[in-house]
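71 is the number that this note's numbering gives to position 9 of the sequence shown; each next residue is one higher, with no gaps. For glycine and all other residues, C-beta sits at the position ideal for the given N, C-alpha and C. Model, not experiment: these values are computed from the prediction.
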Amino acid sequence: MTQSRLILLAGLLAVIAVAGCRSAHTTSAILYIDEQNYDKAVHVIHEGFQYGDDEPDAYYYLGEAYSHLAEESVEADDFPQARKNYELAYDAYKRALELDPVEWTKMVSTSLEYNYGTRVRQAALDWEGGFFEQAEGHLRLAYAALPDSLTPIKSIARMKMQMADQDTTGKMATPLREEALELLDQALAANPEAYALNLNKANVLDQLGRDDEASTLYDELLTEHGDDTSLLLDIASLAVDKGDYARAADFYVKVVDLNEADVDASNDGDNKLLLRAAGSWYATPSVLRFDDAIAALDRSAELDHVLDEKTILARLRTYLAYGKKLKQDAALETDEVLKADLMARSDEKLRRAVEIGIAMTNNFPANAQGFLQLSMAQIETKDFAASDASFKTYEELESGSGF
């Protein structure tokens, strides 16, 4: 018997003397509980029900007896029996409340919280230790002990999601996510508007490849929670899966805006990477939003405390691609004024590409791609001698790297 239940029992025994209307069967049951003879306590209380079944004390102590039996079953690793005993204890406690809520509310609440808390704490220890099966068992017992709380069901769903993410074989991820989805639906049946549960469900649907269902649910959540960066990142991830890079980039930029607008500096660490990814997506051939791409990449570069190789290379490529695209547009333009404007903008972007390329190769002289992109930009600006030199360095680096 645990120390907490010993203390609780001592208090219960103390009230026997002042309980003038308690039946002899119930009094006997209390003594049997004190002797840790819980089966006998259950038997004698049920025997007493043959003479009267409206005594709240009897139901409360019946709940106590079943609670102890549940703990013994847990110690014996008989979780099915433990679950049954917790369910019987809960029913008995609730019946005591129905018969006399004034007298028994506090004591019933204490007992229910004890049963629930014991199992939840053990589940947390097992979960932290990576013993997922045991953790799930204790969480299911916690739910049996207190079915008014859906927290154990939500926790099992989160654990299944974690296990799926950690599955390196790829064999269990889908079944685990399907189990998580079933548990989330169970919790949502009782609380269909719960935002966190719906967000988890959308995430699981996304990972299961049920993109249309995930998109619908994400859009519903977006209408009321458009400033939740976790939601925005999940939607961006789904957009990437569907090849909608413009949408993904838009959400990445919005996340950065929200991160920079709040007072929590701890969430700013990923802003540079988010902007760089957004800029790269904006510049893809399927999107070609070069102004947005340059804005995101330049903004990413401004966050660099130390020059970042990947960011500067992305900027070099984007300025070069934008300059070439403007030049192509100018060649097709028949209006001379618009043609001249396009050419001027093209020249400006290509000169900037050369400037960035020079900075790139000066700071990262072993990066072959930097020299290749610089060479291509120098060709566009008709600096052929410099382009030849840059290309030669590119070839030397490529040859030396073994490619």
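Excluding sequence positions up to five before and after D366, its CB lies within less than 8 Å of the CB of K334, T373, all in the same chain and listed in chain order. Contact between G110 and A151 does not hold, since their C-beta atoms are separated by about 18 Å, which reaches or exceeds 8 Å. Within the segment 172 to 211, the complete alpha helix (DSSP H) segments at least 4 residues long are 194 to 207, listed from N- to C-terminus. For the pair Y94 and A86, the CB atoms are not nearer than the 8 Å cut-off. Straight across, the Cα-Cα distance linking K146 with H200 is about 13 Å.
In this structure, DSSP gives T236 a helical state, which the three-state scheme calls helix.
Between V349 and Y314, the beta carbon gap of about 13 Å keeps them out of contact (Cβ cut-off 8 Å). Within the segment 348 to 398, the runs of alpha helix (DSSP H) that reach at least 4 residues and sit entirely inside it are, in chain order, 352 to 364, 371 to 394. By alpha-carbon distance to L238, the top candidate from A204, A226, D96, G232 is A226. In the DSSP assignment, E134 falls within the alpha helix (DSSP H) that extends over 118 to 137.
Taking a 10 Å sphere around the C-beta of Q112, we find fewer than 16 other C-beta atoms and assign the residue as exposed. Residue state for Y113 is assigned as coil, using DSSP reduced to three classes. A residue is called buried when at least 16 other Cβ atoms come within 10 angstroms of its Cβ; Q269 meets this threshold and is buried.
Every alpha helix (DSSP H) of 4 residues or more that sits fully in the segment 208 to 294 is shown, in chain order, as 213 to 228, 235 to 252, 257 to 269, 273 to 286. Between Y121 and R157 the beta-carbon gap is near 4 Å, inside 8 Å, which marks them as a contact.
C-alpha of T443 to C-alpha of Q228: approximately 51 Å in a straight line. By the C-beta density criterion, F446 is exposed, having fewer than 16 other C-beta atoms within 10 angstroms.
DSSP, read as helix, strand or coil, puts P427 in coil. Relative to the Cα of S408, the nearest Cα in the group Y384, V416, F426 belongs to Y384. Judged by their CB atoms, A207 and Y257 are not nearer to each other than the 8 Å cut-off. Secondary structure of S437 (DSSP, three-state): helix. DSSP places S461 in the helix class (H, G or I) of the three-state scheme. Here N99 carries a coil assignment [DSSP, helix/strand/coil]. Taking A421 as the centre and dropping the five residues before and after it, the same chain places the C-beta of I374 closer than 7 Å to its C-beta, in chain order. L382 is positioned such that its CB atom lies no closer than 8 Å to that of E395.
Note that the C-beta distance between L259 and K222 is not below 8 Å. Cβ contact annotation for N321 (same chain, cutoff 6 Å, sequence separation greater than five): N329, D330, N333, in chain order.
Judged by beta-carbon spacing, R338 lies beyond the 8 Å limit of Y344, meaning their Cβ atoms are not closer than that value. In this model, E133 and A144 are separated by some 7 Å (Cα to Cα).
R84 sits in coil when the DSSP states are folded into three classes, being neither helix nor strand. Boundaries of the alpha helix (DSSP H) harbouring K156: 141 to 161, taken from the DSSP string.
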